[in-house]
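> Count along the sequence shown from 1, then add 375; that gives the number in my numbering.
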Amino acid sequence: MTQKAESHVFQAEVQEVLSLVIHSLYTERDIFLRELLSNASDALDKLRFEALTHADWLPSGETLGIALQANPDARTLSIADNGIGMDHADLVSNLGRVASSGTRKFVEALKEAKSEGSPELIGRFGVGFYSSFMVADRVTVETRRAGSDEGWRWESDGKGEYTVEPAPGLARGTVITLHLKPVEDDDHDYTQEWTLRDIVSRYSDFVEYPIQMEVERSKPKLDDEGEPIEGEYETQRELETLNSMKPLWTRPKADITSEEYADFYRHHTHDWMPPLDTIHFKAEGTLEFTALLFLPAQRPMMMGEGQNPKSKLSLYVRRILVQRECEDLLPAWLRFVRGVVETSDLPLNVSRETMQNNRQVAQIRKGLVRKVLEAMGKLLKDDREKYEAFWKHFGWTFKEGLYFEHGDQQVAVAGLCLFEHSSESGWKTLAEYKEAMPEGQEAIYVLTGQDRATVEASAHLESMRRKGYDVLFLVDPVDEWVLERLTEFDGTPIRRLDQADLDLSSDADKDVLKKKQETASDLLKCLAASLGERVQEVRFTDRLAESPAVLVEAAGAMSAHQARMLRHAGQDIPEPKRILELNPDHALVQGLQKLHKADAQSPRIADFAELLFDGALLREGGAPQDPAKFQKLLTELMLASLK
Ligand code: ADP
Ligand code: MG
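1) Roughly how many angstroms lie between the CA atoms of Arg699 and Leu688, to the nearest whole one?
2) By Cβ distance, which residues of its chain are closer than 7 Å to Gly997, with the 5 residues on each side in sequence left out?
3) Regarding Phe581 and the ligand MG, is the C-beta to nearest heavy atom distance less than 8 Å?
4) Assess, as a yes-or-no matter, whether the stretch 893-902 is touched by the stretch 858-866 under the definition of 3 or more beta carbon pairs within less than 8 Å.
5) So is the beta-carbon of Thr549 under 8 Å away from any non-hydrogen atom of the ligand ADP?
6) Which runs of the alpha helix (DSSP H) fall wholly inside the stretch 593-647 and span at least 4 residues, in chain order?
7) For Phe669, which residues from the same chain have a beta carbon less than 6 Å from its beta carbon, with the 5 sequence-adjacent residues on both sides left out?
8) Could you compute how far the alpha carbon of Leu963 sits from the alpha carbon of Gly990?
9) Hey, would you say the C-beta of Asn683 is under 8 Å away from at least one heavy atom of the ligand MG?
10) Quick check: the Cα distance between Gly535 and Arg472, rounded to an integer number of angstroms?
11) Can you determine whether any heavy atom of the ligand GDP sits closer than 8 Å to the C-beta of Glu410, and answer yes or no?
12) If I measure Cβ to Cβ from Ala883 and keep anything under 6 Å in the same chain, skipping five residues before and after, which residues do I get?
13) What separation, rounded to the nearest whole angstrom, lies between the Cα atoms of Met677 and Pro627?
14) What residues are listed by DSSP as bridge partners for Ser689?
15) Over what stretch of residues does the beta strand (DSSP E) that includes His943 continue unbroken?
16) Which two residues bound the contiguous beta strand (DSSP E) that contains Arg953?
17) Can you name the start and end residues of the alpha helix (DSSP H) that Gly966 belongs to?
18) Please look up how many angstroms separate the CB atoms of Val396 and Phe508, rounded, as I've assumed it's under 8 Å.
19) On the DSSP letters alone, give me the boundaries of the alpha helix (DSSP H) that Val901 sits inside.
20) My understanding is that Gly458 touches Thr549, with C-beta atoms under 8 Å, so please give their C-beta distance in whole angstroms.
21) For the putative contact between Gln937 and Glu855, defined by C-beta atoms under 8 Å, what is the C-beta separation to the nearest angstrom?
22) Which residues does DSSP list as the beta-bridge partners of Gln698?
23) Classify Met1013 as buried or exposed, calling it buried when 16 or more other Cβ atoms lie within 10 Å of its own Cβ.
24) Which whole-angstrom value is the C-beta distance of Arg994 and Ala834, which I expect to be below 8 Å?
25) Quick check: the Cα distance between Met648 and Leu941, rounded to an integer number of angstroms?
26) Per DSSP, which residues does Thr340 bridge with? Please list them.
27) Arg547 to Glu388, Cα distance in whole Å?
28) I want to know whether the stretch 425-441 touches the stretch 582-591 - three or more CB-CB distances under 8 Å.
29) Opposite Ile869 in the DSSP bridges: which residues?
30) Are the Cβ atoms of Ala666 and His655 separated by less than 9 Å?
31) Does the beta-carbon of Asp417, which I'm using as the reference point, lie nearer than 8 Å to any heavy atom of the ligand MG?
32) Please state if the CB of Leu571 and the CB of Thr451 are separated by a distance shorter than 9 Å.
33) Given the structure, does Phe504 come close to the ligand ADP, in the sense that its CB is under 8 Å from one of the ligand's heavy atoms?
34) As a quick exercise: from Arg423, Leu879, Ser797, Asp420, pick the residue whose alpha carbon is nearest that of Val846.
35) Nearest by alpha-carbon distance to Asp465: which of Ser416, Ala521, Gly436, Val482 is it?
36) Return the first residue and the last residue of the beta strand (DSSP E) that Leu847 is part of.
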């Protein structure tokens, strides 16, 4: 009895990918082979891994490999592997839906870019299996899963539907047959040996399994004794391995070209840019491991910044991939680093849970962090421009290290951080800032805020400008948390400008200020009373030059900026009580003093308190609590001045 083939419809997202692949992508078609070979290699990895616990799945003596077979007359190309294979459910879920995260990202990026299928995108993400429809108008997948007796045949023309039917008698593994489209103009002909050979060596040379193909070779004819006969040749078919198979990281550094590194990086990450920096080393000693790590040149479109972002390096144990996205090899603040780590000092069956408490893993992690920091330090020193480009993409991630690390490690991280600052555009390290401090400056001054424009316009900079001090701008969300832990650098304290206890003046100046404050104490109390719960105090300050007022935080209080960020993130944070500081030398403040002297009960005093407070709030990137009232007061004031 023969079972009829069942018909299935592709998931809508797949249809989207397919129609794009079929209709709009003409360049970069070669990568279909890279995708299929990488799937075959993954399937072999999986089998090798599963065979650790199911010895009978991989009979001893069997070699794992991939075979290409081209038939120019029939115009077919098949890619066969003796890997894990797929059962019925696998076929439907893996080849009928958008299973891989890579393809999902591709679809998202497409939606975002709204491009009509930019060919660039496909190279960027790779769309995995579906890219075979770039070159084929029909694809057949014959497969049998390890441990199962049932084989299956999947087939589709990529136009919305596919069929699945039983296929008896298949060997374990998967054979994908592409019925190639006719060759047009200057298309590559994927049935030609040299084309395939070229693509394999370009994209898949380091696949760890042999990629073999039967090739025709013209050889001298041999006589009965096995000696070549002069001038006589015959065509022989023989199997040839097209790839060098050596995982790149096991080869000596000196033999590897930057193109090879870049190809490996692209294969590993699906990034379309070459890496910014490559870190390749072998650690020897009590613990042996090899690492091939990369700093990407730019933040991937979607780095997968979820609630709890983690690092991800691929971990190999004795050539076997045991975790593709291992999060324990690097701390999360180095999650932009990509690459592979191989060791022979871990058991193959190391699980996620045991990884976390594994002493060797901790040791590897320490070594990797050191090397990454070293490489960054070298880049900072040797190629500032490159480092700054890197910093723009990943600095805010890296800075988390200042929060999570302590002691020497924190010092090492701090030394590699760049900050924007007030004296000019561009970036400075903490060391450079210190170096440029004028005589008498005793602290590193910093200001946080939502962006450069806001902090650059801050009233807090007035006193700094007067003194000729530079100020570091900390405008990444993580900076508020960083400042909780990073309180000094190389013996110099780090001080926030928006703190009430910032001490900038001489004793003589303080005396003068104190006197002014005493004279105005009734007014200041009156202002504080009318602002009520919003302020802890209203007082005079000498930190301002041009502005009438500024808000500062009481010592130890959460900064208003941080409170705003937390509230934005949905947390229930009460409004912090602020300190409103007034500039006693400002005409407005002096006018207020006059008004108060003339009529201490004037209702206008409360209005002015309101406007001073809200104005200072707006200036720092906040918003008035009662915008309607704010506008009403402002309107009245404007009307009064028009009279
Ligand atoms: P990805 O490789 O990123 O997961 P693909 O579209 O390339 O996405 O492949 C989808 C899925 O199909 C794979 O994850 C795998 O489960 C399955 N698959 C593809 N090719 C093979 C193969 N040769 N052997 C076994 N499974 C395969
Ligand atoms: Mg794939």
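By construction, the Cβ of each residue, glycine as well, lies at the ideal position given by its N, Cα and C atoms.
On the basis of the data shown:
1) Cα to Cα, the separation comes out at about 7 Å.
2) In its chain, beyond the 5 residues on either side, Ala935, Arg939 have a beta carbon closer than 7 Å to the beta carbon of Gly997.
3) Flag unset: Cβ of Phe581 not near the ligand MG.
4) Here the stretch 858-866 does not lie against the stretch 893-902, with fewer than 3 beta-carbon pairs under 8 Å apart.
5) Yes, the ligand ADP has a heavy atom inside 8 Å of this Cβ.
6) Counting whole runs of 4 or more residues, the stretch 593-647 contains the alpha helix (DSSP H) stretches 633-644.
7) Around Phe669: Tyr640, Pro650, Thr653, Arg713, Gly714.
8) C-alpha of Leu963 to C-alpha of Gly990: approximately 13 Å in a straight line.
9) Flag unset: Cβ of Asn683 not near the ligand MG.
10) Straight-line Cα distance between these residues: approximately 11 Å.
11) Among the ligands present in this structure, namely the ligand ADP and the ligand MG, the ligand GDP is not found.
12) For Ala883, there are no CB contacts under 6 Å within the same chain when 5 residues up- and downstream are skipped.
13) Residue placement at Met677 cannot be trusted, given a pLDDT of 49 that sits under 50; what the coordinates show is reported in the next sentence. Their Cα atoms are separated by approximately 33 Å.
14) When beta bridges are read from the DSSP output, Ser689 appears opposite Val715.
15) Boundaries for His943: no beta strand (DSSP E) harbours it, while the alpha helix (DSSP H) harbouring it runs 935-943, taken from the DSSP string.
16) Note, Arg953: beta strand (DSSP E), 953-957.
17) 962-973 is the extent of the alpha helix (DSSP H) around Gly966.
18) Rounded, the Cβ-Cβ distance is 5 Å, consistent with contact.
19) Looking at the sequence itself, residue 901 is Cys, so the reference to Val does not match. Judged by DSSP secondary structure, Cys901 falls within the alpha helix (DSSP H) whose first and last residues are 896-906.
20) Yes, they are in contact, since the Cβ atoms of Gly458 and Thr549 sit about 7 Å apart, within 8 Å.
21) About 4 Å separates the beta carbon of Gln937 from that of Glu855, a gap short enough to meet the 8 Å contact definition.
22) Answer is Leu690, bridged to Gln698.
23) It counts as exposed.
24) About 6 Å; that satisfies the 8 Å criterion.
25) Per the coordinates, the alpha-carbon of Met648 lies some 35 Å from the alpha-carbon of Leu941.
26) Nothing about residue 340 can be reported from this structure: the residues present for the chain run from 376 to 1018 only.
27) Each residue's alpha carbon lies about 30 Å from the other.
28) The stretch 425-441 is in contact with the stretch 582-591.
29) DSSP output for Ile869 lists Ile819 as bridge partner(s).
30) For Ala666 and His655, yes; Cβs fall inside 9 Å.
31) Residue side-chain check: Asp417 places its Cβ nearer than 8 Å to a non-hydrogen atom of the ligand MG.
32) Leu571 sits away from Thr451, with the two beta carbons spaced by 9 Å or more.
33) Yes - the ligand ADP has a heavy atom lying nearer than 8 Å to the Cβ of Phe504.
34) Looking at Arg423, Leu879, Ser797, Asp420, the one whose alpha-carbon comes closest to that of Val846 is Ser797.
35) The shortest C-alpha separation from Asp465 is found at Ala521.
36) Element bounds for Leu847: 847-849.
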